Structures are given as structure tokens and as C-alpha cells.
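Participant: If you count by our numbering, then the sequence shown holds residues 74 to 335, one letter each, in order. Quick reminder that beta carbons are idealized off the backbone N, C-alpha and C, glycines included. In this text, all values refer to a predicted model and were calculated from it rather than measured experimentally. Handing you a structure now.
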Amino acid sequence: MANYKNVTHCLFDMDGLLIDTEYRYTEAYNKVLNKYGKNFSWELKASIMGFHFNEAAKRVVEFLELPITPEELMDQVTPYYDILFPDSQLMPDSESVYKTIYNKIISKFGHNYEGEVVFQVLGRPEAVGINLIIDYFKLPLSFEEQQIYRIQNVMYHFLNLLSSRAERLLRHLVKHNIPIALATSSSEKSYELKTRKLKPFFELFHHRVLGGSDPDVKHGKPAPDIFLVAASRFSDSNPVQPSQVLQWLVVLASEEFLLTQD
74 MANYKNVTHC LFDMDGLLID TEYRYTEAYN KVLNKYGKNF SWELKASIMG
124 FHFNEAAKRV VEFLELPITP EELMDQVTPY YDILFPDSQL MPDSESVYKT
174 IYNKIISKFG HNYEGEVVFQ VLGRPEAVGI NLIIDYFKLP LSFEEQQIYR
224 IQNVMYHFLN LLSSRAERLL RHLVKHNIPI ALATSSSEKS YELKTRKLKP
274 FFELFHHRVL GGSDPDVKHG KPAPDIFLVA ASRFSDSNPV QPSQVLQWLV
324 VLASEEFLLT QD
């Protein structure tokens, strides 16, 4: 039988886990990159997920060989953040619904919705996800066809009935006296934009560590600094052991991140 350690506290990442900001990042970057004939691909997005804005911008410039500096890229992307982030919403419990619906579509053509394509679609805007599936399985369909629209209507019907999985989980932990904290790479400004309409939800946290502007977070992800800082702030008099803290986060980027979390 596995020997599990007792969990006394929980830490939560934010983007893509609690709120639906990941596709907003994609849209903001593409607004800028398309001007240079470039695209914010899934490969690129996965490689910078969780990094501070300045480090992410540096990697994007280098990866795409853009004719601008990372600072210039940040200056061009930021106005789109200001427009898109205030509309952020809690993540719905939607993935199982999407998987069921997508399976209904592609099973008619002898395929199953599983494997690599599931991760490629995860977090993408719905229209982009559907087109990825059509291309991946080489389906004889187009996004505009009535069959797809009928499936979308079913999706919306189910999603409107679902409450937030994130909110249910957090309220359950609080109810059972499990302290929770937020550990996000977002800066103070970015956090305020993203949570403008979600203040009551984020008041559930014991404290928040905003890695993008917190001086105690010396290194951004994939370094574990942000989680260690967040764990240390649960109590000054009775320090929490990191081994007793459960981290909830979205990890799609690389093995590099996983190796640093041991």
C-alpha cells in the first residue's frame, strides 16, 4: 500500500486552473505576432507557460526571431491584456463534457478523441479546438457545417448547467479548515485585471503570492520559489513543512518544470 504524506495546506496556481485566461493570452499574443507574420503556436505557448512576463517575452522573441526587443513586445501585448483580462471567468467543469461531445462527432468516422490532440485542444478557444480536431483526424467536415453547430448547441446547454469545479473545490477545503493560498506568476496589476469580476471568490484564500511583483520570489517558474514563498506565509510562528503542502497547477510545458518541483 502506498505511504501517502498527510496534506495540511493547499496552494493553487491561477491561469488555466482557476480562471479562463489561457486563451486570452493566446489572443493577445496573436494580435501582435500576426503583424510580423508569426503565430503563437501551441508549442510556443507550452514552452513559456508559467514564466514571468519579461522572461516569456524574451523567449517568444528568440523563438520567433522577431525584429523587436522583448520590452517592445511587452509594450505591444500589454494593451490587449488590459482589454481581455477583465472579462476573465472561473473555469467551468467542462473538459469531460467537451471530450464526450467530441467523441460523439469523431466516432462516426471511426476515431476516438484521445492522445496528443486532447492536450493540443486543452485551453484553446472553441473554434480553434474544433478546427484542430478536424485537421488532426482529417475529418470530412468544416467548422461551418450544420452538424458542428448542433454539437456546439449541446455543449453550451451542458456548460450552462455546470457550476465551477474550482469554486466547489475551494469552498469544500475552506469548509473543512484546510488553509489555501494562491501562488501565481501574475503581477499585482495583472492579478487585479484578471480578478476584477471575481473578488468574492479570491477572498477565500488565506493569502496570495503574486510572483510577477513579489520581491521574495527571486526566480520565476520553473523554479519552485513561488510555491516555497507561498507555503512559508501560512504561519510565522508555526512554519508549514513543504512536504505537507499539496500544489494544484497546470503543467503542460516541459520535463524541466517537473524536475524542479521534487
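1. So does the segment 283-293 actually touch the segment 103-114, counting three or more Cβ pairs closer than 8 Å?
2. If you run the structure through DSSP and keep just helix, strand and coil, what is L146?
3. Considering only residues of the same chain and omitting the five flanking positions on each side of F182, which have a CB-CB separation below 6 Å?
4. Hey, out of L137, P140, E116, E144, whose CA is closest to E128's CA?
5. Short check: CB of A254 to CB of A303, under 8 Å?
6. Please state whether DSSP places T257 in a helix, a strand or coil.
7. Between the alpha carbons of M147 and I299, how many angstroms are there, rounded?
8. Could you give the first and the last residue of the continuous beta strand (DSSP E) run that contains F300?
9. Thinking H82 and P252 are a contact (beta carbons under 8 Å), I'd like their distance in whole angstroms, please.
10. First and last residue of the beta strand (DSSP E) that includes V282?
11. How would you write the range of the alpha helix (DSSP H) that H245 sits in, first residue to last?
12. Can you tell me where the alpha helix (DSSP H) with L84 in it begins and where it stops?
13. Can you name the residues that DSSP bridges to W321?
14. Does T268 pass the burial test, meaning 16 or more other C-beta atoms within 10 Å, or should it be called exposed?
15. Closer than 6 Å by C-beta to Y154: which residues in its own chain qualify, once you throw out the five before and the five after it? Chain order, please.
16. By how many angstroms is the C-alpha of L277 removed from the C-alpha of I174?
Facilitator: If we stick to the structure as given:
1. The segment 283-293, when compared against the segment 103-114, does not touch it at the 8 Å Cβ threshold.
2. Looking at L146 - three-state DSSP - the assignment turns out to be helix.
3. Take F182, set aside five residues on each side of it, and the residues of its chain with a beta-carbon closer than 6 Å to its own are L212, in chain order.
4. Of L137, P140, E116, E144, the residue nearest in Cα terms is E144.
5. The answer is yes: Cβ separation under 8 Å.
6. The three-state reading of DSSP puts T257 in strand, counting E and B together.
7. Straight-line Cα distance between these residues: approximately 22 Å.
8. Counting along the chain, no beta strand (DSSP E) covers F300; the unbroken alpha helix (DSSP H) around it starts and ends at 298-305.
9. 5 Å between Cβ atoms; contact.
10. Note, V282: beta strand (DSSP E), 280-283.
11. Per DSSP, H245 belongs to the alpha helix (DSSP H) from 238-248.
12. Counting along the chain, L84 falls outside any alpha helix (DSSP H), though it belongs to the beta strand (DSSP E) covering 82-85.
13. Paired residues: F85.
14. By the 10 Å Cβ count, T268 comes out buried.
15. The beta carbon of Y154 lies closer than 6 Å to those of A101 in the same chain, with the five residues before and after it left out.
16. Between I174 and L277, the C-alpha separation is close to 33 Å.
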